[in-house]
Structure formats: C-alpha cells, structure tokens
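**Q**
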Amino acid sequence: MQLSLSPSQRRALWAYVFLAPAIIFFIVLFVIPVLRALQYSFYDWPLGVPQKTFIGLENYRRLFMDDPVFLISIWNTIRFTVGSLVPTLVLALGVALILNQGLKALGLFRTIYFIPVVSSLVAVGFVWRWLLEPSFGIVNYLLRLIHIKGPGWLVSPEWALPGVMLMTIWRDLGFYMVIFLAGLQTIPREFNEAAMVDGANAWQRFWKITLPLLNPTIVFAAVIGVINGLQVFTSIYVMTGGPGDLPGGPLNSTRPIVLHIVEAAFRSQNMGYASAAAFVLFVMILFFALIQIRIIERPFEY
Amino acid sequence: MGRSDKMATISKPTTARIPAARTLRIPKGVAHIPLYIILIAGAILMLLPFAWMISASFKTLAEALQVPPQWLPSTLSLRNYQEVFNQQPLFGRFFLNSVIVAVVTVISVLITSSLAGYAFAKFNFPGKNLLFVFFLSTMMIPFQVRMVPLFVMVSDWHLTDTYAGLILPGLVEAFGIFLMRQFITSIPNDLIDAARIDGASEPRIVVQILLPLLRPALSALAIFTLIGNWEAFLWPLLITNAEEMRTLPIGLALFAGRYIERVDLEMAAATIAILPMVVVFFLLQKRFIEGITLSGLKG
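Top to bottom, those sequences are chains A and B.
The C-terminal residue of the first sequence carries number 302 in our numbering, and the numbering is unbroken.
The C-terminal residue of the second sequence carries number 299 in our numbering, and the numbering is unbroken.
(1) Around the C-beta of residue 88 (chain A), are 16 or more other C-beta atoms found within 10 angstroms, so that it is buried, or is it exposed?
(2) Kindly say whether residue 62 (chain A), judged by its beta-carbon, lies nearer than 8 Å to any beta-carbon of chain B.
(3) Tell me which residue opens and which closes the alpha helix (DSSP H) that residue 189 (chain B) is part of.
(4) Report the partner residues of residue 43 (chain A) according to the DSSP bridge assignment.
(5) My parser needs the beta strand (DSSP E) runs of 3 or more residues fully inside the region 105 to 191 of chain A; what are they?
(6) Would residue 85 (chain A) count as contacting chain B if we go by Cβ distances under 8 Å?
(7) Run through chain B and tell me which residues come within less than 7 Å of residue 131 (chain A), C-beta to C-beta.
(8) How would you call residue 248 (chain A), buried or exposed, if buried means at least 16 neighbouring beta carbons within 10 angstroms?
(9) Could you list the residues in the region 41 to 73 of chain A with a C-beta less than 9 Å from some C-beta on chain B, going in chain order?
(10) Tell me, please, whether the CB atom of residue 209 (chain A) is closer than 8 Å to any CB atom in chain B?
(11) Could you check how far apart the C-beta atoms of residue 69 (chain A) and residue 252 (chain A) are, in whole angstroms? I think they sit under 8 Å.
(12) Taking the alpha carbon of residue 257 (chain B) as the point to measure from, which residue in A:294, A:122, A:225 and A:267 has its own alpha carbon closest?
(13) DSSP three-state label for residue 241 (chain B), please.
(14) Check residue 100 (chain A) in the structure and name its three-state DSSP category.
(15) For residue 280 (chain B), which option in B:76, B:213, B:99 and B:237 has the closest C-alpha, if you only look at C-alpha atoms?
(16) In the structure shown, what three-state DSSP assignment does residue 239 (chain A) receive?
(17) For residue 97 (chain B), which three-state DSSP category applies?
(18) What do you reckon, are the CB atoms on residue 170 (chain B) and residue 105 (chain B) nearer than 8 Å?
(19) Hey, residue 223 (chain A) and residue 292 (chain A): beta-carbon distance below 8 Å or not?
(20) Under 8 Å, Cβ to Cβ, is there at least one residue of chain A near residue 231 (chain B)?
(21) Grouping DSSP H, G and I as helix and E and B as strand, with all else coil, what is residue 270 (chain A)?
(22) Would the beta-carbon of residue 249 (chain B) fall within 8 Å of that of residue 233 (chain B)?
(23) Select from A:258, A:139, A:225 and A:230 the residue whose C-alpha is nearest the C-alpha of residue 235 (chain B).
(24) Please compile the residues from chain A whose C-beta is within a distance smaller than 8 Å of the C-beta of residue 177 (chain B).
(25) Would residue 65 (chain B) pass as an interface residue toward chain A - the criterion being a Cβ-Cβ separation below 8 Å?
(26) Taking all protein chains shown into account, decide if residue 215 (chain A) is buried (16 or more other Cβ within 10 angstroms of its Cβ) or exposed.
(27) Only counting the same chain, and skipping five residues up and downstream in sequence, which positions put a Cβ closer than 8 Å to that of residue 238 (chain B)?
(28) Along chain A, in chain order, which residues have C-beta atoms closer than 9 Å to that of residue 124 (chain B)?
(29) Does the region 76 to 90 of chain B touch the region 280 to 289 of chain B, meaning 3 or more C-beta pairs lie closer than 8 Å?
(30) Should residue 115 (chain B) be flagged as near chain A, meaning a C-beta pair shorter than 8 Å?
(31) In the DSSP assignment, find the alpha helix (DSSP H) that holds residue 226 (chain A) and state where it starts and stops.
(32) Within its chain, find whatever has a CB closer than 7 Å to the CB of residue 162 (chain B); leave out the 5 residues flanking it on each side and keep chain order.
(33) Measuring only the C-alpha atoms, how far is residue 52 (chain B) from residue 71 (chain B)?
(34) Within 10 angstroms of its Cβ, does residue 6 (chain A) collect 16 or more other Cβ (buried), or is it exposed?
(35) So residue 160 (chain A) and residue 250 (chain A) are supposed to be a Cβ contact under 8 Å. How far apart are they, rounded?
(36) Counting only runs of 4+ residues fully inside the region 38 to 83 of chain B, write out the alpha helix (DSSP H) ranges in chain order.
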C-alpha cells in the first residue's frame with residue numbers, strides 16, 4: 001500500500017496531517033456552533049427545557065417589530081462605534097504623522113501612548129468611572145478650570161455613552177497610532193522629497209501623497225475598529241453597571257447589542273431569541289467587512 | 001537664474017517659491033518645538049488617568065474624594081493594597097487562572113497556526129484554496145454567534161467552572177494561520193527541499209528548520225493572542241460561577257462592583273490588575289509593537 005503513493009501524494013497526505021488539529025478545532029468550535037446557532041434562531045427554546053418549538057422567522061420578526069429595546073441597542077452600538085472610532089482614527093493619524101517627522105523621542109512617545117492599550121480594560125473602566133464622576137471627578141474638575149460646567153456623564157442618559165466613548169478613544173488611540181506609523185513608514189521618502197522640490201506645501205503633500213498611499217492602512221484600521229466597536233460589551237458593562245442598577249443604563253442609553261444578546265440568553269433564558277439577535281449582529285459585521293473588501297479590492301494572493 | 005530655468009522644466013508655476021523657501025527654512029530642531037508641545041500635552045493626557053489611579057490607591061477614602069483633587073497622597077501607605085487582599089484573598093488565584101488560560105491558549109494557537117500555515121504555504125493538495133477561504137471567513141464571525149451553542153456544549157460536557165471550559169473557545173485562531181502562512185511563504189523552498197533530499201522526515205523539518213526561522217512571527221502571534229486572551233471577559237463571565245475559577249478581569253469586576261463606593265480600594269485593585277501586563281509590555285516592548293505592526297500590515 002505504501003509503495004503505491006507517489007511523492008506528491010505523500011506530501012499531500014502530510015499537508016492534511018498538519019492541518020488536522022486546526023480542522024478539528026474549527027469544526028468543533030466554529031462550524032458546529034454557528035450552524036447550531038442558526039438552527040436555534042428558528043426555535044422557541046427556553047434554557048433548561050429539553051424540547052424546542054420550531055417557529056420559523058418569528059424570533060427575527062419579534063426583534064424588529066416587538067422589541068423596541070433591541071432597536072435602541074442597535075442605535076446605541078452604531079452611535080458608539082462611529083462616535084469613538086472617528087475621533088480615535090483622526091487623533092491616531094495626527095500623532096502618527098507628527099511622530100513620523102523624524103522626531104528624536106519617537107520611541108518614548110510611542111511607548112507612552114501605547115500603555116493604555118495593554119492596560120486591563122476592566123481596570124481602566126473603573127478608573128474612568130471615577131474620573132467622570134460629576135461632582136468630584138477629575139474630568140469635570142478640569143472643565144471647571146476652564147469655566148465649563150461638566151455634564152453628569154455616566155449618570156446622565158445623554159452623556160453616558162459619550163463618557164464611554166471618551167474612555168475608548170483614550171484607550172485605543174495608541175493601537176491605531178502604531179498601525180498608522182507602520183503604514184507611514186512604508187511610504188518612500190523620495191515621494192515627499194520630490195513633491196517638496198516641486199514646491200508642494202505640507203498640507204498639499206498630506207492630501208495628495210500621504211493620504212492616498214495610506215488608504216489601505218486606514219481602511220484596514222477602520223474595519224478592525226468597526227468590527228470591534230459593534231461588539232462592544234466589557235467597557236459598557238464595567239462603566240455603567242453597579243450593585244443597584246443593571247449595565248446599559250441609565251434608561252438603556254448605553255445598552256449595546258451584545259448586552260441584549262447576553263441578557264436574552266442568560267436572564268430571559270431564551271436561547272433561540274438570543275441566537276437570532278446574534279445573527280443580526282453577524283450580518284451587520286459581514287456587511288461592513290464586505291464593504292472593506294470592495295474598497296481595498298485586494299484579492300487573496302496565492 | 002540657470003538653476004531656476006532647469007526647475008521650470010519640472011514644474012513651472014512654483015519655481016519662484018523655492019529659493020524663498022530655502023532662505024526661510026528654520027532649523028529643524030526649532031521647527032519641531034510645536035510638535036513636541038502637542039505630543040507632550042497628549043502624553044500628559046494619556047498618563048493622567050494612571051497617575052490619578054496610583055495616587056488614589058495610596059490615599060485614604062476621604063483624601064481620594066477631595067475637591068479640588070489632591071494630587072499626591074499625604075502618606076505613602078500600602079494599607080489599601082493589604083485591604084484588597086484581605087477582602088479578596090483570591091486575587092492571586094484570579095491571576096494564576098488568567099495565566100493558565102493564557103498560556104495554554106497561546107501554545108495551542110502557536111502549534112495549530114504554524115502547522116496549518118506550513119501546509120498552506122508549502123504544500124499542494126486538493127481543496128487547498130477552499131479550505132483557506134473557509135478558515136479566513138471564520139474571522140468575521142463575532143463570538144456572540146457561537147456563544148450560546150458553545151455554552152450549551154460546555155454545559156453538556158460538564159466543563160463549567162473548569163480550565164478546559166475556559167480555554168476551549170480560543171484554542172484556534174484563523175488570524176494566526178493567515179499570519180503564519182504569510183511568513184512561511186517567504187521562507188525559501190530550497191531550504192526545505194535540501195532537508196528532504198537529506199532524508200529528513202516532515203515532522204523533523206518542522207521542528208528543526210521551520211520553528212527556528214519562525215521565531216519572530218511566533219513571538220508576534222504569541223503576544224497578539226496573549227493580549228486578546230488576557231482581556232477576555234464575556235466567556236469567562238458566563239462559564240464560571242465558582243469564585244476560585246474566576247479570571248483576573250472577572251475577579252476585578254466583581255470586586256470593584258462590590259466595593260463601588262470605595263474608590264481607594266478599587267484603585268489599588270485596578271493598579272494590581274494593570275501592573276502585570278504593563279511590566280510584560282515594558283520588557284518586550286519591541287515585540288509588542290512588531291506584533292501589532294505585523295498584524296496591521298499583513299491583515
């Protein structure tokens with residue numbers, strides 16, 4: 001039997017051997033769960049009850065027609081994603097551009113801006129809860145110094161989500177800055193030098209050279225940001241929850257989609273409904289990921 | 001004038017500005033001063049929350065709540081830290097749990113990714129492209145979609161409150177396979193073929209030739225996986241009930257939630273939770289930046 005295998009068949013066999021662990025894990029941890037989730041989403045299935053009732057698209061209909069809180073959570077999630085990602089990307093690009101001017105202390109500043117990225121999100125969430133405390137928090141104290149009356153932040157339905165966004169901008173800036181710096185360093189210096197000889201000022205060089213060449217990096221960063229943003233949970237859970245009140249408040253003003261999914265599954269114990277909500281999130285993420293592939297139009301290289 | 005004429009052939013309208021710009025050029029160091037001011041102001045804003053946290057962790061409760069804020073504690077006492085461990089003796093255990101989960105996850109991701117990456121980079125076999133696209137497509141699936149079935153599965157297998165249950169969902173990472181494939185593709189085939197001609201078996205090639213060459217990529221992937229795993233919150237929250245099985249983020253969240261009015265204790269606990277990863281970051285700074293960069297450019 002062994003002799004009948006050609007060298008190329010032998011090697012193909014080895015390839016499957018090397019792929020086996022990954023394939024097994026992917027089937028058990030991805031394929032089966034995703035298919036099951038899709039199946040659950042068509043059933044009415046309270047947790048702990050053995051029998052499930054097939055109800056077709058009823059879960060999806062209820063999500064959009066009978067559950068205004070779900071729609072609020074979609075709106076909150078989108079607001080959070082846009083409101084935190086856009087300022088983060090702009091600021092990160094600005095800092096990266098400054099650092100890319102050949103400043104001597106690049107390493108030091110990069111380190112400082114990166115520290116929040118490696119800091120426990122739960123821990124910094126609690127730190128910011130206190131920073132944003134309306135009466136004795138540092139943020140409102142600093143605002144008072146410049147004669148601005150700070151808002152109620154996390155206790156105010158209008159300002160709670162912006163408060164979480166503020167923390168998110170602070171925490172993620174360094175991550176995107178490092179990505180942008182790497183992208184900027186791939187742009188050949190000669191391009192900018194040639195433009196300088198031609199008399200282009202810094203502003204023109206930024207718009208005509210740097211920005212177009214950095215476009216793939218910016219799109220990549222934006223897509224990672226959107227995918228992460230749509231899945232926001234931990235920061236809101238930590239910053240808005242408490243012993244007395246559930247996370248997502250006040251008045252559902254910070255409630256994200258993921259919290260809706262988790263509560264449907266583990267508070268209301270309706271696994272089918274939770275799975276349907278999770279699939280809505282999936283479709284949203286897919287939608288944005290496909291837009292990215294369209295924009296970059298970078299086919300898989302083989 | 002002759003110089004200006006030459007320039008004119010390159011770009012006419014702006015030639016006149018060049019000599020002016022030359023004479024007006026400010027020394028680089030001086031021109032950079034405003035940039036440094038912006039960067040320093042930004043750096044202060046980045047560090048301020050940490051400064052306040054560390055300062056509050058040494059203060060008494062009354063001091064921590066003072067308005068206007070008192071920037072430095074009046075005494076440098078470790079009593080808040082002692083109190084955190086008195087109130088929650090399991091903090092060490094939370095840390096240990098997080099380390100165990102992270103280490104096993106990282107090892108599993110490194111092994112599965114490099115083996116699969118090798119197969120995709122250097123072998124031809126039926127179904128290769130299809131399988132690769134399949135792996136990649138799993139990157140877009142948010143964890144919440146798998147969450148409910150995984151929870152049911154882990155409960156059915158009686159793995160709640162076990163390390164196995166905590167570790168399971170993260171054992172494989174499509175991004176890691178992608179990264180490794182990119183890296184291994186750049187390794188010359190001659191190296192591998194030469195070893196084959198010398199009669200080395202395939203597993204031997206992986207261990208003796210591939211792994212040493214992959215070290216930078218492996219460390220980048222290890223750090224990337226570590227950061228993601230260290231922060232994992234939702235899954236450990238769902239899958240653990242026993243206090244001694246909590247990971248650091250969950251343990252911290254529950255502790256801080258219980259002592260919600262005690263900013264002094266909360267900030268001591270937050271400092272304890274932040275410290276290990278920041279220390280690792282300072283030790284392996286270059287690798288961290290490389291890891292993020294690599295993922296950014298190759299992704």
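Every residue, glycine too, gets a C-beta built ideally from N, C-alpha and C.
**A** Quick look at the numbers:
(1) buried
(2) no
(3) 189 to 197
(4) A:54
(5) none
(6) no
(7) 49 and 52
(8) buried
(9) 47
(10) no
(11) 6 Å
(12) A:122
(13) coil
(14) coil
(15) B:99
(16) helix
(17) helix
(18) yes
(19) yes
(20) yes
(21) strand
(22) yes
(23) A:258
(24) 22
(25) yes
(26) exposed
(27) 147 and 151
(28) 8, 11, 12 and 15
(29) no
(30) yes
(31) 211 to 230
(32) none
(33) 7 Å
(34) exposed
(35) 6 Å
(36) 61 to 64
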